[in-house]
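J.: Mind having a look at this structure? Questions to follow.
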Amino acid sequence: MTAEHSPAPAPVEPGLQAARALAVSLVLWAHLTTVWMASSGMFARRTSWETWRLVETNVVFTFSLDHQSGGHLGLLLFFLVSGYVGSLAADRDTRSTFLLKRAARLLPAMVLSVLATLVVAYAGRRLGWPAVFGITPDGDRPLHVVFESLGLAPTVFGHVGLLFVLWTLNIEYYWYLLVGLVIPRGSGRVAVAGTYGLLAGLVALYEVCTRVPFSATHVRAGDLLYVIFIVIGRWIYLGQHKVISESASAIGVVATIGLHIALRWPNETWDIWYVRGHRSLMAIAWAVLIFCLLLRFVRRRIWRPVALVADISYGL
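Mind the numbering: the sequence shown is residues 5 to 320 in this note's numbering, read in order.
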């Protein structure tokens, strides 16, 4: 493809940037406050910290925003962004260019994080520090961390226990590989058929992973449930960019949420949902609603510090 025929760079969507910034802020808040509370003994008396109690009780739990102090909501927003951005990029790039760009965005920060964690963990072990949050690298086989970062270590070598948040990147890898290799380019019926076909393939793979030993698949079945959730971001993209109608987009979103529920909570009955509710499900609903509202109403350039947080969100 010659330069004059190459598509112009996609304009940065302010709503998308706002979603990224909000997502990483929620995840950092949940993780950092959890680390601080664990290290200071606050878990045993968390209600004594007035600010935490007010936020958690009056906002997060009262409105059923989340069951993890906002961190899971932020994670779901990240996955919606991935579904949206992955679909946008796939429509503009060749398959090879798409895969190379996604790798360049995810892998450098992952490699640096793994190396930094290894240094701290090994140094801490030599200095006699207590293990923190399961960071126990295998001193005999340090290359295990490479497999763990790709989601393979627990199935191939047994759990390594290094930088547990890497599981979220595994889901990103699966999604981008699927989009880059499977999703057909096209509009209208082609896009709809391709997306439903992708969902069908994910369900089939999920059923396989839940019925055979992990060593035979090297894929965590639970991760595939989040890939299915990422497809919601693709449906929103298809409707937002007029590839399909808004009604078809809404049907796709509802159908995908229903599929996610059926696979994740197969034994729950509707009377239990009605009486007790389910914070995990409510976090999904809130994430979709917040994401759609940001895309629709955040139209102007966002504040520069917020844009910076959004730009480096995956690195953070």
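Glycine residues also receive a C-beta, built at the ideal position from the N, C-alpha and C atoms.
1. Going by CA-CA distance only, name the one from Val216, Leu122, Ala27, Leu229 that's closest to Leu77.
2. Quick check on this structure: which residue in Arg130, Ser117, Tyr180 has the alpha carbon closest to the alpha carbon of Leu104?
3. Pick out whichever of Arg130, Leu320, Ala287, Val183 has its Cα sitting closest to the Cα of Ser100.
4. Using only the alpha-carbon positions, how far apart do Gly201 and Val235 sit?
5. Does the structure place the segment 191-206 close enough to the segment 247-257 that three or more beta carbon pairs sit under 8 Å?
6. If you follow the alpha helix (DSSP H) that Pro309 is in, where does it begin and where does it stop?
7. Quick one, which of Leu131, Leu111, Ala22 has its alpha-carbon nearest Val313's?
8. Under 7 Å Cβ to Cβ from Glu176, same chain only, skipping five residues before and after it: list those, please.
9. For the ligand HEM, is there a heavy atom less than 8 Å away from the beta-carbon of Ala291?
10. Give me the Cα-Cα distance between Gly243 and Ser91, rounded to the nearest whole angstrom.
11. Have a look at His35 and Leu79 and give me their C-alpha separation to the nearest angstrom.
12. Going by CA-CA distance only, name the one from Ala266, Val302, Arg224, Arg96 that's closest to Leu170.
13. Going along the chain, which unbroken runs of the alpha helix (DSSP H) with 4 or more residues stay wholly within the segment 173-230?
14. Could you spell out the range, first to last residue, of the alpha helix (DSSP H) harbouring Val16?
15. Cβ atoms of Phe83 and Ser317: under 9 Å apart, would you say?
16. Given a cut-off of 9 Å, decide if Phe295 and Gly237 are closer than it, judged by their beta-carbon atoms.
17. If I measure Cβ to Cβ from Gly74 and keep anything under 7 Å in the same chain, skipping five residues before and after, which residues do I get?
18. Might you give, ordered along the chain, the residues of its own chain that have their beta carbon closer than 8 Å to the beta carbon of Ala93, omitting 5 neighbours on each side?
19. Compute the beta-carbon to beta-carbon distance between Leu173 and Thr260, rounded to the nearest angstrom, for a pair I have assumed lies under 8 Å.
20. Leu206 and Leu185 - do their beta-carbons sit closer together than 9 Å?
21. Have a look at Ala311 and Val216 and give me their C-alpha separation to the nearest angstrom.
22. Report all residues from its chain with a CB closer than 6 Å to the CB of Ser52; omit the five preceding and five following residues, and keep chain order.
23. Check each candidate in Gly262, Leu298, Thr37 and name the one with the smallest Cα separation from Ser285.
24. Find out if the Cβ-Cβ distance for the pair Arg303, Gly19 is shorter than 9 Å.
25. Beta-carbon separation of Ile240 and His264 under 9 Å?
26. Can you tell me whether His264 is helix, strand or coil according to DSSP?
27. Could you compute how far the alpha carbon of Gly132 sits from the alpha carbon of Arg24?
28. Roughly how many whole angstroms lie between the Cα atoms of Ala127 and Val115?
29. What is the rounded straight-line gap between the Cα of Asp144 and the Cα of Thr121?
T.: This is what the structure gives:
1. Start at 1 with the first residue of the sequence shown, and residue 77 comes out as number 73. Of Val216, Leu122, Ala27, Leu229, the residue nearest in Cα terms is Ala27.
2. The residue labelled residue 104 in the question sits at position 100 within the sequence shown. Checked all of Arg130, Ser117, Tyr180; the closest Cα to Leu104 is Tyr180.
3. The residue labelled residue 100 in the question sits at position 96 within the sequence shown. Checking every option, the nearest Cα to that of Ser100 belongs to Val183.
4. What you label residue 201 is simply residue 197 of the sequence shown in a count that begins at 1. What you label residue 235 is simply residue 231 of the sequence shown in a count that begins at 1. One C-alpha to the other measures close to 11 Å.
5. yes
6. Translated into positions along the sequence shown, residue 309 becomes position 305. Per DSSP, Pro309 belongs to the alpha helix (DSSP H) from 308-315.
7. Walking along the sequence shown from the start, residue 313 turns up at place 309. Comparing Cα-Cα distances from Val313 to each of Leu131, Leu111, Ala22, the minimum goes to Ala22.
8. Walking along the sequence shown from the start, residue 176 turns up at place 172. The answer, listed in chain order, is Ser86, Leu110.
9. For the ligand HEM, the structure offers nothing, since it holds no ligand at all.
10. Within the sequence shown, residue 243 is the residue found at index 239, counting from 1. Within the sequence shown, residue 91 is the residue found at index 87, counting from 1. In a straight line, the C-alpha of Gly243 is about 12 Å away from that of Ser91.
11. Locating residue 35 in the sequence shown gives position 31, where the first residue counts as 1. Locating residue 79 in the sequence shown gives position 75, where the first residue counts as 1. Cα to Cα, the separation comes out at about 11 Å.
12. Residue mapping note: residue 170 aligns to position 166 of the sequence shown, counting from 1. Ranking the options by Cα distance to Leu170, first place goes to Arg224.
13. 193-215, 218-221
14. Walking along the sequence shown from the start, residue 16 turns up at place 12. Run containing Val16: none; DSSP gives neither H nor E here.
15. Here residue 317 is taken as the residue at index 313 of the sequence shown, counted from 1. Here residue 83 is taken as the residue at index 79 of the sequence shown, counted from 1. Going by C-beta atoms, Ser317 is not nearer than 9 Å to Phe83.
16. By one-based count along the sequence shown, residue 237 stands at place 233. By one-based count along the sequence shown, residue 295 stands at place 291. Against a cut-off of 9 Å, the Cβ pair of Phe295 and Gly237 comes out as a contact.
17. Position 70 of the sequence shown, counting from 1, holds the residue named residue 74. So the list reads Leu30, Trp33, Ala34, Val64, once near-sequence residues are dropped.
18. What you label residue 93 is simply residue 89 of the sequence shown in a count that begins at 1. The residues are Ala14, Phe102, Lys105, Arg106.
19. As a first step, residue 173 must be located in the sequence shown, where it is residue number 169. As a first step, residue 260 must be located in the sequence shown, where it is residue number 256. Not quite, the Cβ-Cβ distance comes to about 22 Å (not below 8 Å), so this is no contact.
20. For the purposes of this step, residue 185 is identified with residue 181 of the sequence shown, where counting begins at 1. For the purposes of this step, residue 206 is identified with residue 202 of the sequence shown, where counting begins at 1. Against a cut-off of 9 Å, the Cβ pair of Leu206 and Leu185 comes out as no contact.
21. Along the sequence shown, read from residue 1 onward, the residue named residue 311 stands at position 307. Along the sequence shown, read from residue 1 onward, the residue named residue 216 stands at position 212. Ala311 and Val216: Cα-Cα distance of roughly 44 Å.
22. Sequence index remark: in the sequence shown, residue 52 carries index 48 (1-based). In this prediction, Ser52 scores a pLDDT of 49, lower than 50, which makes its location untrustworthy; no coordinate-derived value is stated.
23. What you label residue 285 is simply residue 281 of the sequence shown in a count that begins at 1. In the sequence as presented, Ser is not what sits at residue 285; that position holds Leu. Ranking Gly262, Leu298, Thr37 by Cα distance to Leu285 puts Gly262 first.
24. Position 299 of the sequence shown holds residue 303. Position 15 of the sequence shown holds residue 19. Contact: yes.
25. As a first step, residue 240 is located in the sequence shown; it is residue number 236 there, counting from the start. As a first step, residue 264 is located in the sequence shown; it is residue number 260 there, counting from the start. Not a contact, by the Cβ cut-off of 9 Å.
26. As a working mapping, residue 264 is identified with position 260 in the sequence shown. DSSP places His264 in helix when its eight states are reduced to three.
27. Counting from 1 along the sequence shown, the entry for residue 132 is found at position 128. Counting from 1 along the sequence shown, the entry for residue 24 is found at position 20. If I take the Cα positions, the gap works out to 38 Å.
28. The sequence position of residue 127 within the sequence shown is 123, counting from 1. The sequence position of residue 115 within the sequence shown is 111, counting from 1. Computed Cα separation, rounded: 18 Å.
29. As a working mapping, residue 144 is identified with position 140 in the sequence shown. As a working mapping, residue 121 is identified with position 117 in the sequence shown. Here the model assigns Asp144 a pLDDT of 45, short of 50, so the residue's position is not dependable and the matter cannot be decided.
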